[in-house]
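Undergrad:
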Amino acid sequence: MKNNKVTVSLSDDSHEYDIAIGDNLLENSGEWARNCLSKQTKKIALISNAKVFGLYGETVKNSLESANFEVVVFLMNDGERYKSLRTLEKVLKFFSENQIKRTDAVVALGGGVVGDLAGFAAAVFQRGTAFLQIPTTLLAMIDSSVGGKTGVNTEFGKNLVGAFHQPHGVLIDIAVLQTLPRRELTAGFCEAVKQGAISNEKLFTQTAEFLKKFPPNKFKKYFFDDDFISEIEKLITAQVAFKAEIVQQDEREDAARRDGKSRKILNFGHTLAHALEKVTDYKRFKHGEAVGYGILFAAELSKTLEMFDNNKLDLLNDVLRRLGKLPDASDINLKTVSETFAFDKKNIGKSLQWILLEDIGKPKIVDDREISPKIIDETLKKVLQP
Ligand code: NAD
Ligand code: GLY
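This is the structure:
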């Protein structure tokens, strides 16, 4: 199997796993899974949804069976609102009914919703079952499948119930991006721009140049171009390597850390994103699209606080514009948005921590007690109601 590889080495529990990145890897997913899992693993619970399974499920299932795994399939409903305790209960029941043992494994085939839900089910079933990720959205490839955050939403907000449960391996087949709807691509690239902005000039420029050369609105036709295949593999590998680097040295997102390498920096753009998703009942925005607004807001706030240069703000805005239009947010009640910040799980004690920018590649964690509510409200208005 020809692929790039990024290794995640975690000091806490000495767990190490590889992320394989390449083109047309699904047909070898059985051999890959065999290498990631213990020899005792007999059965695999493959979790997906009907849409993704309809496109790629049989290829993965056949390959797993060729590698002598017995495969049982659970298809969850598609959509953020199904990343819920109710779906979790159904999946756990399915594991029990199919006699999944502690030596067996769970494989998630899908976007971040499937990955987060299946990972959490694997984390709690029999106090921890081995878990593999086969992400099929750009967002899941560069972000959610790497780093072991799993969980579900509750009526009080996103990801409020969950666990850290690292996968035993991640398989990224870029060929599956050919069928990804345009908005999902934009959403994934918003997360890529986010990671570029908080990592370093190199990754930011690589992401910006890629988007200039291969605009997302013409994406599908590029899959016949070797140059594109090579560039996207390199970009995804670099994005994953950045995420792995952060996760390795702050796996559990230590609440006391405030430095620029804390895992908290990955939440750049997410305080507003989570609020926007919540006040629109998870219906209007793709998660990554909401992050797009969140990046604009955090960068604008950084500029208003005289931390971040205007030219850099323009650069960031330019890259985001290349991704296309985000869903309209001008009718959203700004007061409801600021009230929702209070529920964000990143609340530490009574205060909220904003991830802001001093420069590209220089994130800074700022306590909201240092920012006047008037500035927050004015910046919200500027970004959501321009
Ligand atoms: P998603 O999982 O809802 O997938 C988006 C849509 O694309 C779905 O309709 C899905 O069926 C479809 N799809 C998936 N792959 C496809 C393919 N190859 N071809 C065609 N259609 C395909 O959304 P997402 O953006 O992947 O994930 C969002 C979720 O990820 C959110 O719940 C968010 O909270 C979570 N997340 C988690 C982490 C983490 O660290 N665990 C990080 C970021 C985001
Ligand atoms: N997506 C944020 C994190 O993994 O920490």
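Position in the sequence shown counted from 1, then plus 1444, gives you my numbering.
Note that beta-carbon positions come from the ideal geometry of N, C-alpha and C, so glycine has one too.
Nothing here was measured: the structure is a model prediction, and the numbers come from that model.
Going by C-alpha distance, which of H1612, A1549, P1807 is nearest L1490?
TA: On the sequence shown, residue 1490 is found 46 positions in, with the first residue counted as 1. If we check each option's Cα against that of L1490, A1549 comes out closest.
Undergrad: Have a look at N1777, D1775, E1750 and flag the residue whose alpha-carbon is nearest the alpha-carbon of I1819.
TA: Walking along the sequence shown from the start, residue 1819 turns up at place 375. Closest option to I1819, Cα to Cα, is E1750.
Undergrad: Along the chain, which unbroken stretches of the beta strand (DSSP E) at least 3 residues long are found entirely within the segment 1565-1626?
TA: Runs found: 1574-1579, 1593-1598, 1601-1608, 1613-1617.
Undergrad: In angstroms with no decimal places, state the Cα-to-Cα distance between K1505 and V1515.
TA: For the purposes of this step, residue 1505 is identified with residue 61 of the sequence shown, where counting begins at 1. For the purposes of this step, residue 1515 is identified with residue 71 of the sequence shown, where counting begins at 1. So the alpha carbons of these two residues sit roughly 7 Å apart.
Undergrad: Per DSSP, what kind of secondary structure is G1563 in: helix, strand or coil?
TA: The count along the sequence shown starts at 1 and reaches residue 1563 at position 119. Correct three-state label for G1563: helix.
Undergrad: Can you give me the Cβ contacts of V1735 inside the same chain, cut-off strictly under 7 Å, excluding the 5 residues immediately before and after it?
TA: Working through the sequence shown from its first residue, we reach residue 1735 at position 291. Closer than 7 Å at Cβ, skipping near neighbours: C1634, E1635, K1638, G1713, H1714, A1717.
Undergrad: State the start and end residues of the unbroken beta strand (DSSP E) segment that holds S1674.
TA: Taking the first residue of the sequence shown as position 1, residue 1674 is located at position 230. No beta strand (DSSP E) contains S1674, which is instead part of the alpha helix (DSSP H) from 1670-1693.
Undergrad: In the DSSP output, which residue or residues are listed as bridge partners for G1554?
TA: Within the sequence shown, the letter at position 110 stands for residue 1554. BP columns for G1554 point to P1579.
Undergrad: How do the segment 1609-1624 and the segment 1762-1774 stand: do at least 3 beta-carbon pairs fall below 8 Å, yes or no?
TA: Judged by Cβ distances under 8 Å, the segment 1609-1624 makes no contact with the segment 1762-1774, as fewer than three pairs qualify.
Undergrad: Where does E1697 fall in DSSP's three states?
TA: In the sequence shown, residue 1697 corresponds to position 253, counting from 1. Coil.
Undergrad: Considering A1461, what are the terminal residues of the beta strand (DSSP E) in which it resides?
TA: Stepping through the sequence shown from its first residue, residue 1461 is reached at position 17. Note that residue 1461 is Tyr in the sequence shown, not Ala. Where Y1461 is concerned, the enclosing beta strand (DSSP E) stretches over 1460-1466.
Undergrad: Is K1664 near the ligand GLY, in the sense that its beta carbon is under 7 Å from a heavy atom of that ligand?
TA: By one-based count along the sequence shown, residue 1664 stands at place 220. No, the ligand GLY has no heavy atom inside 7 Å of this Cβ.
Undergrad: Between Q1693 and K1708, what straight-line distance do the alpha-carbon atoms span, to the nearest angstrom?
TA: Position 249 of the sequence shown, counted from the start, is the residue given in the question as residue 1693. Position 264 of the sequence shown, counted from the start, is the residue given in the question as residue 1708. The alpha-carbon atoms of Q1693 and K1708 are separated by roughly 12 Å.
Undergrad: Reducing DSSP to helix, strand and coil, say where F1785 ends up.
TA: Residue mapping note: residue 1785 aligns to position 341 of the sequence shown, counting from 1. Helix at F1785.
Undergrad: Check each candidate in G1554, T1594, Q1570 and name the one with the smallest Cα separation from T1581.
TA: Taking the first residue of the sequence shown as 1, we reach residue 1581 at position 137. Of the listed residues, the one whose Cα sits closest to T1581 is G1554.
Undergrad: In this structure, does DSSP put E1645 in helix, strand or coil?
TA: Residue numbering aside, residue 1645 sits at position 201 when the sequence shown is read from its first letter. Reduced to three states, the DSSP call for E1645 is helix.
Undergrad: Helix, strand or coil for Y1500? Go by DSSP, reduced to three states.
TA: On the sequence shown, position 56 is the one that residue 1500 refers to. If DSSP states are grouped into helix, strand and coil, Y1500 belongs with the helices.
Undergrad: Short of 6 Å in beta carbon distance, which residues of its chain neighbour R1525, apart from the five on each side in sequence? Order them along the chain.
TA: Working through the sequence shown from its first residue, we reach residue 1525 at position 81. Taken in chain order, the residues that qualify are Y1726.
Undergrad: State the CB to CB distance for the pair L1679 and F1663, rounded to an integer number of angstroms; the pair is presumed to be in contact (CB under 8 Å).
TA: Position 235 of the sequence shown, counting from 1, holds the residue named residue 1679. Position 219 of the sequence shown, counting from 1, holds the residue named residue 1663. Not really, about 13 Å apart at Cβ, beyond 8 Å.
Undergrad: Hey, could you find the ends of the beta strand (DSSP E) A1420 is sitting in?
TA: The requested residue 1420 is not part of the displayed model; the chain covers only 1445 to 1830.
Undergrad: What span of residues does the beta strand (DSSP E) with N1448 cover, start to end?
TA: Your numbering for residue 1448 matches position 4 in the sequence shown. Element bounds for N1448: 1448-1453.
Undergrad: Spatial neighbours of F1513 within its chain, please: CB distance less than 6 Å, with the 5 preceding and 5 following residues excluded, ordered by chain position.
TA: By 1-based counting over the sequence shown, the position of residue 1513 is 69. Taken in chain order, the residues that qualify are I1488.
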